[in-house]
Amino acid sequence: MLVTPVSDLKALVLVAFRNLSLSVSRRSCFKETLIAFLLLDLVDFIQMAPQPNTGLFVGLNKGHIVTKRELPPRPSSRKGKTSKRVHFVRNLIREVAGFAPYEKRITELLKVGKDKRALKVAKRKLGTHKRAKKKREEMANVLRKMRSAGVTEKKK
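Going by the UniProt record's numbering, the sequence shown opens with residue 1, and the numbers climb by one from there.
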């Protein structure tokens, strides 16, 4: 699945085409030129909006004309979203139990400004880079909240 915008893809193909033209001799450049033009055509095709069916049984947009039904959201689309109750329970447990030792170490490293080291510690403890980034961000948010709470208390 392509995530980048189509305009970026087009620019990327053009840059690749220019690089090929510069680096390869004129005789052997034919294949590369053909590939680049085909890629540009493909990008243009992707960029086109989907056309409605014509009602005919031949052609590009063949098929019976139908009105799309608006379907309700499926349960699978809710996957990963925490409910209010779970959020409340997790916050309560965090208040009662506090932070784990490795989380305290991460917060200390973030206080000093060693973000990269904090990420390494988190990665070693949690196992994956993605989880480590999430944990580092979570600890940074906790620090921000603590600082903002400290600032408001000092003003009072």
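For each residue, glycine too, the CB sits at the ideal point set by N, CA and C. Given the structure is predicted, the values throughout are model-derived calculations rather than measurements.
Per DSSP, the unbroken alpha helix (DSSP H) holding Arg-94 starts and ends at 84-97. Judged by DSSP secondary structure, Glu-103 falls within the alpha helix (DSSP H) whose first and last residues are 101-112. Short of 6 Å from the beta carbon of Leu-119, and not among the five residues preceding or following it, lie these beta carbons of its own chain, in chain order: Ala-132 and Arg-136. The beta carbon of Gly-55 sits closer than 6 Å to those of Ile-65, all from its chain and outside the five residues before and after it, given in chain order.
Taking the C-beta atoms as reference points, Leu-110 is found nearer than 8 Å to Met-139. Sixteen is the threshold: since fewer than 16 other Cβ atoms of the shown chains lie within 10 Å of the Cβ of Ala-149, the residue is exposed.
Put simply, the backbone Cα of Tyr-102 is about 8 Å away from that of Ala-122. Collapsing the DSSP output to three states places Leu-34 in a helix. Judged by DSSP secondary structure, Ala-49 falls outside any alpha helix (DSSP H); it is assigned neither H nor E. Excluding its 5 nearest sequence neighbours in each direction, Lys-62 has C-beta neighbours in its own chain below 8 Å: Asn-53, Thr-54 and Leu-56, listed in chain order. Contact between Val-151 and Thr-107 does not hold, since their C-beta atoms are separated by about 17 Å, which reaches or exceeds 8 Å.
Here DSSP, grouped into helix, strand and coil, assigns Lys-125 to helix.
Gly-59 carries a coil assignment under DSSP once its states are collapsed to helix, strand and coil. The beta carbon of Phe-88 lies closer than 7 Å to none in the same chain, with the five residues before and after it left out. The three-state reading of DSSP puts Arg-69 in coil, since its state is none of H, G, I, E or B.
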